[in-house]
Amino acid sequence: MLSLILVAFVILIVKWSWDRIQFFKLRDKMGIPGPPTQFPLGNVNYILNDMKKNGKEDSINMRFRMAKQYGDVVGMYLGQHFEVTTTDLDIINEVFIKQFSKFVNRPTQHFGGGYPMNENILQMTREGPGKGYGWKDIRSVISPIFTTGKLKAMFPIMEERVNAFVEHLKGMTSSEENDIEMYNELQALSLDVIGRCAFGMETECIKDKTDKFYINAQKFFNSINLEESVGMLVGFFSPKIGQFIRPWTREGKTEKVLLDGLKEVVERRKRTFGSDSDNRKDLISLMLEQDRERQRSQKKPPLSDETIVSNCYAFLLAGYETTSTALSFGLYALAKNPEVQQTLYDELTDNFNFHTDITYDALMKLPYLEAVMMESLRRYPPVVFFTTRECVEDCEIKGIKFKKGVCVQCPVHLTHYNPEYWPDPLKFDPNRFLAINNHVDNLTWMPFGIGPRNCVGMRFAELEYKSALAALVLNFKFELGKELQDKELACGIMAVLYRPLDGVNLKVTAR
């Protein structure tokens with residue numbers, strides 16, 4: 050018996066090795082250049098060696114070095130995927146827009162190919178999880194949640210949290226030592242906004258860093274680290290095995306705590322949904338409302354509780370770390386460029402009286418605030434490696450034959466830092482957007498992705514960014530803290546995110 054098991058194991062290893070060797074021939078067949086491949090890891094060693102040589106803070110520049118050496122179309126073997134990285138705008142336009150139907154899926158991420166990711170809008174495939182609906186159905190339920198009317202209804206909830214954050218910060222600046230680590234504080238604000246606007250929870254993350262929602266979210270996001278997580282590393286090469294062992298990993302355990310909490314919230318909201326006492330306009334109630342309308346008008350099957358919980362989880366994944374990171378970068382840029390901060394302050398004081406009369410409509414009509422936001426997201430894009438699609442049907446683009454299963458990625462920062470599109474790209478200059486009346490080519494400015502599968506919550510994120518930044522600049526002056534006086538902000542890659550590594554220490558003075 051033991052000998053049979055041993056023989057079967059050897060056969061599996063031989064087959065896997067043979068398949069892997071054949072897989073590594075794909076790049077040459079497609080005629081695409083790329084870094085040397087090593088069996089069995091592909092190009093993972095190339096990435097790790099680059100990080101070891103240049104440091105984690107320089108990890109975002111690895112793709113620039115690759116593009117300089119191999120050109121604007123590069124092939125990489127990453128785990129189970131063959132990934133084509135490109136900055137060619139013609140290819141980007143074909144993949145993400147014109148031939149989107151052939152590149153509709155996102156590739157399975159290393160943090161899991163099963164539940165909850167396979168049932169939410171971030172990761173759901175064209176076919177879906179086998180419940181009678183797929184990615185397009187979920188998009189049709191969620192998109193109407195972010196219309197102007199719905200955002201206006203949520204705005205007072207968001208503003209209440211922003212006002213609470215301003216008061217919290219005033220208390221912190223009352224002492225002589227005014228250097229504040231803003232990244233951590235903005236994470237609390239972001240969680241409070243999501244907790245209340247999305248889930249209808251009475252969170253108090255701003256005031257109470259022992260809030261369960263805050264602690265659990267922090268634990269989970271800190272566990273998403275490919276370098277330190279065995280589960281993610283295994284899932285990188287074999288999503289099925291990674292998903293199987295996930296419940297016993299650190300990120301799997303913290304994820305379950307979050308999912309259990311969201312499940313309780315959804316069950317509680319479903320019990321009161323439609324009753325006279327339920328007058329909330331948070332994302333859960335709006336999603337339930339849209340799903341009910343979809344069932345009535347289109348005769349579609351209802352979304353399962355698992356799918357609803359999974360998409361609440363997606364709201365948290367997409368809206369927590371990204372928004373707090375974007376705001377941290379924005380404040381850092383203003384502290385580093387005081388003339389920009391002063392111009393923004395002047396625009397705000399011309400329209401508002403120390404935050405007491407900020408309205409949705411007025412906020413949306415401030416051109417310099419819009420330009421500051423757009424330039425901040427160009428110069429410091431929080432999400433750099435999520436603009437990726439998986440080929441679901443063989444096709445040819447610019448002479449390259451893409452096979453089913455091949456992934457195409459457009460690293461956002463490579464386009465955002467291209468001097469051909471953005472002169473002096475490392476300079477923080479909101480005036481570049483004023484010069485074009487804040488109308489940009491979506492092929493060259495893509496902090497929220499591109500095409501039909503771009504960020505569905507983009508308008509919510511923009512509203513939160515503007516609301517928070519306007520209130521903060523009206524009430525405080527931001528300068529570089531002592532730790533940042535003589536050095537650049539240390540940043541690095543975490544999964545698909547680009548974020549501060551050691552926080553953002555700023556001198557904050559109440560106006």
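Letter 368 of the sequence shown, counting from 1, is numbered 417 in my numbering, and no numbers are missing. Each residue gets a CB set at the ideal place from its N, CA and C atoms; glycine is no exception. Model, not experiment: these values are computed from the prediction.
- Counting only residues of its own chain and dropping the five nearest sequence neighbours on each side, leucine 335 has a CB closer than 7 Å to the CB of Ile194, Lys199.
- Of the candidates Ile140, Arg76, Asn167, Tyr182, the residue whose Cα lies closest to the Cα of glutamine 347 is Tyr182.
- When only Cα atoms are considered, lysine 105 and phenylalanine 113 end up about 15 Å apart.
- In this structure, methionine 250 sits away from serine 377, with a CB-CB distance that is not shorter than 7 Å.
- With a contact defined as Cβ atoms closer than 8 Å, methionine 115 and lysine 450 miss out at about 22 Å.
- Counting of Cβ neighbours within 10 angstroms places glycine 280 among the buried residues, the total reaching 16 or more.
- Isoleucine 264 and lysine 258 have their C-alpha atoms some 7 Å from each other.
- The residues Asp121, Val122, Lys447, in chain order, have a CB closer than 8 Å to that of aspartate 137 in the same chain once the five nearest residues on each side in sequence are set aside.
- For threonine 134, the uninterrupted beta strand (DSSP E) segment begins and ends at 130 to 135.
- Residue state for tyrosine 164 is assigned as coil, using DSSP reduced to three classes.
- In this structure, the alpha-carbon of serine 66 lies about 16 Å from that of asparagine 92.
- Remark: fewer than three beta-carbon pairs, one from each stretch, lie closer than 8 Å, so the segment 461 to 473 and the segment 397 to 412 are not flagged as touching.
- Boundaries of the beta strand (DSSP E) around glycine 541: 540 to 543.
- Per the DSSP secondary-structure output, proline 549 pairs in a beta bridge with Cys540.
- In terms of CA proximity to phenylalanine 269, Gly301 leads the group Gly301, Gln391, Ile170.
- Around the Cβ of lysine 515, a 10 Å sphere holds 16 or more other Cβ atoms; the residue is buried.
- Of all alpha-carbon atoms in Glu532, Arg548, Asn142, the one lying nearest the alpha-carbon of isoleucine 229 is that of Glu532.
- In this structure, valine 358 keeps its C-beta atom at 7 Å or more from the C-beta atom of valine 389.
- A residue is called buried when at least 16 other Cβ atoms come within 10 angstroms of its Cβ; aspartate 331 meets this threshold and is buried.
- Proline 479 and alanine 420 do touch by the CB rule: their CB atoms are close to 4 Å apart, below 8 Å.
- The C-alpha of aspartate 68 is placed about 48 Å away from the C-alpha of lysine 319.
- At least 7 Å separates the beta-carbon of threonine 372 from that of glutamate 208.
- Runs of the alpha helix (DSSP H) lying entirely within the segment 81 to 113, each at least 4 residues long, are 93 to 103 in chain order.
- Its chain contains Ile229, Phe525, Val557, Thr558, Ala559 as the residues whose beta carbon lies nearer than 8 Å to that of threonine 222, once the 5 sequence neighbours on both sides are disregarded; these appear in chain order.
- Within the segment 274 to 331, the complete alpha helix (DSSP H) runs of at least 4 residues fall at 279 to 286, 288 to 294, 299 to 321.
- Going by C-alpha positions, asparagine 227 is about 36 Å away from cysteine 361.
- DSSP places asparagine 524 within a helical segment (H, G or I) once states are collapsed to three.
- The residues Val153, Asn154, Ile170, Met173, Thr174, Arg175, Gly177, Arg502, in chain order, have a CB closer than 8 Å to that of tryptophan 184 in the same chain once the five nearest residues on each side in sequence are set aside.
- Counting of Cβ neighbours within 10 angstroms places histidine 130 among the buried residues, the total reaching 16 or more.
- At a Cβ-Cβ threshold of 7 Å, leucine 393 and valine 522 count as neighbours.
- Taking 7 Å as the cut-off, the Cβ atoms of glutamate 424 and phenylalanine 482 count as close.
- Setting aside the 5 residues that flank it on each side, asparagine 400 is surrounded in the same chain by Ala411, Leu415, each with a C-beta closer than 7 Å to its C-beta; the list follows chain order.
- Annotated three-state conformation of glutamate 370 is helix, per DSSP.
- Comparing alpha carbon positions, the residue from Glu355, Pro431, Glu511 closest to glycine 541 is Pro431.
- With fewer than 16 other CB atoms across the displayed protein chains lying within 10 angstroms of its CB, methionine 50 is exposed.
- DSSP, reduced to helix, strand and coil, places glycine 244 within a helical segment of the structure shown.
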